[in-house]
Amino acid sequence: MPLPHGVYRADHVGSFLRPKSVLDAREAVANNTSNLTALRKVEDSAVASVASSQIKNGLRSITDGEFRRAYFHLDFLQHLSGIEIKGQTGLIRPHGFSPPVLAVTGKLGHPKPIQVDDFKFLEQVIKDNGGPATTKVCIPSPTMVHFRGGRASIDIEAYPDLDPFFEDLARVYQEELDSLYKAGCRFVQLDDTNLAYLCDPDMRKQAEDRNEDLSTLPRKYAELINAAISKRPADMKIGIHLCRGNYRSKWFASGGYEPVAEVLFKELNVDAYFLEYDDARSGDFKPLRHLPEHKVVVLGLMSSKKNTLDDKKEILERLKQAAEVAPRGLEQLCLSHQCGFSSTVEGNELSEEEQWAKVRLEVEIAKEVWGEDLSK
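Take the sequence shown: its letter number 307 is residue 353 in my numbering, and every next letter is one higher.
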């Protein structure tokens, strides 16, 4: 079966380790010894370099490495009107990290395109490299505005009832996707931790403590995402990445996909699923039995959290196991690492060379399984 435009047999989630130049430039801005214009120039150079490295190491879905962000979600969402960062969850994670909480402080709006300029820059870089590749734009799933805070994080004067909140949230995403499409973008990935978190017993308990109805919440999130992408033209493809946390090589949640599998595969109107599957925390492959025959899963069998290479034989065996469950076998599967290498500015605990060695191994395995042309 043909793959959706923008999806490849050897694929990736999007983020790469930030180079020292970017980290230093960010620190200089934070210390008021530099400005955003200077930071942008450093980022431009780093993005051009990481795009070239992706192509050089065999990837064909190309991102900006998320070099312009500190977090995979906050930097984007803060550009929407009516959203602010207000405190932290209070839940202490590995390395003493407590995730920030978004607060909806007023009516949601989309004052101007958020990713268009970054897309145009990356698109030109890819053209300059001359390689057959697709520019991929990664943005946070709209569920990221709701899950961590729930009703309590949404201003009751702005939204006394949550239905208009979800409608407005979908609308601002429609506007952003429309802006990206008009700029030439044809593949967007939504990064979503929350459908995966709803598979974790502790996370489910926390949601219940916020008075969420877990019998309806996964479907509510699917409806939100479907509404957000509902107005995209047919030739704009959408992928969704499910993650259980990726902060400095640590994870936050565990649990197989079974609690959300039917909603995920049968009701969510995306073209491709990027699913974390690098260890036992993700459960077995049985949920793939629900995968519609016209969709694909990019299996995150390899680990971006470790500084050692994955075992090639083990990856090949796990691909075989997954193919036995997917309705159309290997035709519906692709390969990636479970998440990016740097979901936050700190990055995972490995070197840049170790990162690229992992990418090269992934490409090698994919070509061995599916052939030299990674687009088929």
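In this text, a Cβ means the ideal position worked out from N, Cα and C, and glycines have one as well.
Just so you know, these numbers come straight off a predicted model, no measurement behind them.
For this session: Reducing DSSP to helix, strand and coil, say where residue 252 ends up.
Result: Position 206 of the sequence shown, counting from 1, holds the residue named residue 252. Of the three classes helix, strand and coil, the one that applies to residue 252 here is helix, per DSSP.
Exercise. Who are the near neighbours of residue 149 in its chain, counting only those whose CB is closer than 6 angstroms to its CB and skipping five residues on each side?
Worked result: In the sequence shown, the residue the question calls residue 149 occupies position 103. Once the five neighbours on either side are set aside, the close Cβ partners of residue 149 are 130, 132 and 199.
For this session: Just tell me which of 371, 89, 214 and 105 has its CA closest to the CA of residue 116.
Result: Position 70 of the sequence shown, counting from 1, holds the residue named residue 116. With distances taken between Cα atoms, residue 116 lies closest to 89.
Exercise. Just how far apart, CA to CA, sit residue 65 and residue 95?
Worked result: Position 19 of the sequence shown holds residue 65. Position 49 of the sequence shown holds residue 95. Those two C-alpha atoms are separated by around 10 angstroms.
Problem set entry | Beta carbon of residue 105 nearer than 8 angstroms to that of residue 56 | Position 59 of the sequence shown holds residue 105. Position 10 of the sequence shown holds residue 56. Yes, these two residues count as a Cβ contact at 8 angstroms.
Exercise. Quick one: what's got a C-beta closer than 7 angstroms to residue 68's C-beta in the same chain, skipping five residues either side?
Worked result: Taking the first residue of the sequence shown as 1, we reach residue 68 at position 22. Taken in chain order, the residues that qualify are 88, 89, 92 and 113.
For this session: Measure the alpha-carbon distance for residue 285 versus residue 85 and round it to whole angstroms.
Result: For the purposes of this step, residue 285 is identified with residue 239 of the sequence shown, where counting begins at 1. For the purposes of this step, residue 85 is identified with residue 39 of the sequence shown, where counting begins at 1. Their Cα atoms are separated by approximately 30 angstroms.
For this session: Report the residue from 253, 392 and 279 whose alpha carbon sits nearest the alpha carbon of residue 233.
Result: Within the sequence shown, residue 233 is the residue found at index 187, counting from 1. Comparing Cα positions, the closest option is 279.
For this session: Could you check what DSSP says for residue 339 in three-state terms: helix, strand or coil?
Result: Counting from 1 along the sequence shown, the entry for residue 339 is found at position 293. Coil at residue 339, not helix or strand.
Exercise. Would you say residue 82 and residue 161 are within 8 angstroms of each other, going by their C-beta atoms?
Worked result: As a first step, residue 82 must be located in the sequence shown, where it is residue number 36. As a first step, residue 161 must be located in the sequence shown, where it is residue number 115. Contact: no.
Exercise. Are the beta-carbon atoms belonging to residue 373 and residue 337 less than 8 angstroms from one another?
Worked result: Start at 1 with the first residue of the sequence shown, and residue 373 comes out as number 327. Start at 1 with the first residue of the sequence shown, and residue 337 comes out as number 291. Yes, these two residues count as a Cβ contact at 8 angstroms.
Problem set entry | Contacting residues, own chain, Cβ-Cβ under 8 angstroms from residue 222 (five flanking each side not counted) | Along the sequence shown, read from residue 1 onward, the residue named residue 222 stands at position 176. Correct list, in chain order: 156, 159, 160, 161 and 185.
Problem set entry | the region 380-392 touching the region 334-353, judged by at least three CB pairs closer than 8 angstroms | yes
For this session: Let me know the secondary structure DSSP gives residue 373 once reduced to three states.
Result: Residue numbering aside, residue 373 sits at position 327 when the sequence shown is read from its first letter. Of the three classes helix, strand and coil, the one that applies to residue 373 here is coil, per DSSP.
For this session: Classify residue 348 as helix, strand or coil using the three-state DSSP reduction.
Result: By 1-based counting over the sequence shown, the position of residue 348 is 302. If DSSP states are grouped into helix, strand and coil, residue 348 belongs with the strands.
Problem set entry | Identity of the residue in 203, 151 and 177 nearest residue 126 by Cα | Against the sequence shown, residue 126 aligns to sequence position 80. Shortest Cα-Cα distance from residue 126 to any of 203, 151 and 177 involves 151.
Exercise. Among 275, 274, 310 and 276, which one has its Cα closest to the Cα of residue 288?
Worked result: Walking along the sequence shown from the start, residue 288 turns up at place 242. Considering only alpha carbons, the answer is 310.
Problem set entry | Proximity to residue 399 [Cα-Cα], best of 422, 411, 339 and 350 | By 1-based counting over the sequence shown, the position of residue 399 is 353. Checked all of 422, 411, 339 and 350; the closest Cα to residue 399 is 350.
For this session: Please name the residue, chosen from 340, 308, 103 and 415, that lies closest to residue 177 on a Cα-to-Cα basis.
Result: As a working note, residue 177 is residue 131 in the sequence shown. The candidate whose alpha carbon is nearest that of residue 177 is 103.
Exercise. If you draw a straight line from the C-alpha of residue 327 to the C-alpha of residue 307, how long is it?
Worked result: Within the sequence shown, numbered from 1, the residue matching residue 327 stands at position 281. Within the sequence shown, numbered from 1, the residue matching residue 307 stands at position 261. Computed Cα separation, rounded: 15 angstroms.
Problem set entry | Those residues which DSSP pairs with residue 319 across a bridge | Mapped onto the sequence shown, residue 319 falls at position 273. According to DSSP, which records beta bridges pairwise, residue 319 is partnered with 286 and 343.
Exercise. Which residue from 317, 405 and 209 puts its Cα closest to that of residue 154?
Worked result: In the sequence shown, the residue the question calls residue 154 occupies position 108. The option with the nearest alpha carbon to residue 154 is 209.
For this session: Report yes if the C-beta distance between residue 229 and residue 50 is below 8 angstroms; otherwise report no.
Result: The count along the sequence shown starts at 1 and reaches residue 229 at position 183. The count along the sequence shown starts at 1 and reaches residue 50 at position 4. No, the Cβ-Cβ distance between residue 229 and residue 50 is not below 8 angstroms.
Exercise. What separation, rounded to the nearest whole angstrom, lies between the Cα atoms of residue 352 and residue 240?
Worked result: The count along the sequence shown starts at 1 and reaches residue 352 at position 306. The count along the sequence shown starts at 1 and reaches residue 240 at position 194. Across the structure, residue 352 and residue 240 are spaced so that their CA atoms are roughly 23 angstroms apart.
For this session: Quick one: measure Cβ to Cβ for residue 407 and residue 324, integer angstroms, because I've assumed they're closer than 8 angstroms.
Result: Sequence index remark: in the sequence shown, residue 407 carries index 361 (1-based). Sequence index remark: in the sequence shown, residue 324 carries index 278 (1-based). With a Cβ gap of about 14 angstroms, residue 407 and residue 324 do not count as contacting.
For this session: Using the DSSP secondary-structure output, state which residues sit across from residue 186 in a beta bridge.
Result: In the sequence shown, residue 186 corresponds to position 140, counting from 1. Bridge partners of residue 186: 237.
Exercise. Using the rule of at least 16 other Cβ atoms within 10 Å of the residue's Cβ for burial, across every protein chain shown, is residue 394 buried or exposed?
Worked result: By 1-based counting over the sequence shown, the position of residue 394 is 348. With a 10 Å radius around the Cβ and a threshold of 16 neighbouring Cβ atoms, residue 394 comes out buried.
Exercise. In the structure shown, what three-state DSSP assignment does residue 141 receive?
Worked result: Numbered from 1 along the sequence shown, position 95 holds the residue referred to as residue 141. Annotation note: pLDDT 49 at residue 141 (below 50); position unreliable, coordinate value reported separately. Under the three-state reduction of DSSP output, residue 141 falls in the helix class.
Exercise. In angstroms, rounded to a whole number, what distance separates the CA positions of residue 201 and residue 410?
Worked result: Residue numbering aside, residue 201 sits at position 155 when the sequence shown is read from its first letter. Residue numbering aside, residue 410 sits at position 364 when the sequence shown is read from its first letter. Using only the alpha carbons, I get a separation of about 50 angstroms.
Problem set entry | residue 228 (DSSP reduced to helix, strand or coil) | Position 182 of the sequence shown, counted from the first residue, corresponds to residue 228. Helix.
Problem set entry | Neighbourhood of residue 364 by C-beta, 6 angstroms cutoff - its chain only, sequence neighbours within 5 removed | Numbered from 1 along the sequence shown, position 318 holds the residue referred to as residue 364. Closer than 6 angstroms at Cβ, skipping near neighbours: 347.
Exercise. Quick one: what does DSSP say residue 130 is sitting in, helix, strand or coil?
Worked result: Your numbering for residue 130 matches position 84 in the sequence shown. DSSP, read as helix, strand or coil, puts residue 130 in strand.
Exercise. Under the DSSP definition of a beta bridge, which residues are partnered with residue 155?
Worked result: Taking the sequence shown and counting its residues from 1, one reaches residue 155 at position 109. For residue 155, DSSP records a beta bridge to 127.
Problem set entry | Same chain only: Cβ atoms within 8 angstroms of residue 196, ignoring 5 sequence neighbours per side | Position 150 of the sequence shown holds residue 196. Shown here for residue 196: same chain residues with a beta carbon closer than 8 angstroms to its own, the five before and five after excluded, namely 253, 256, 257 and 258 in chain order.
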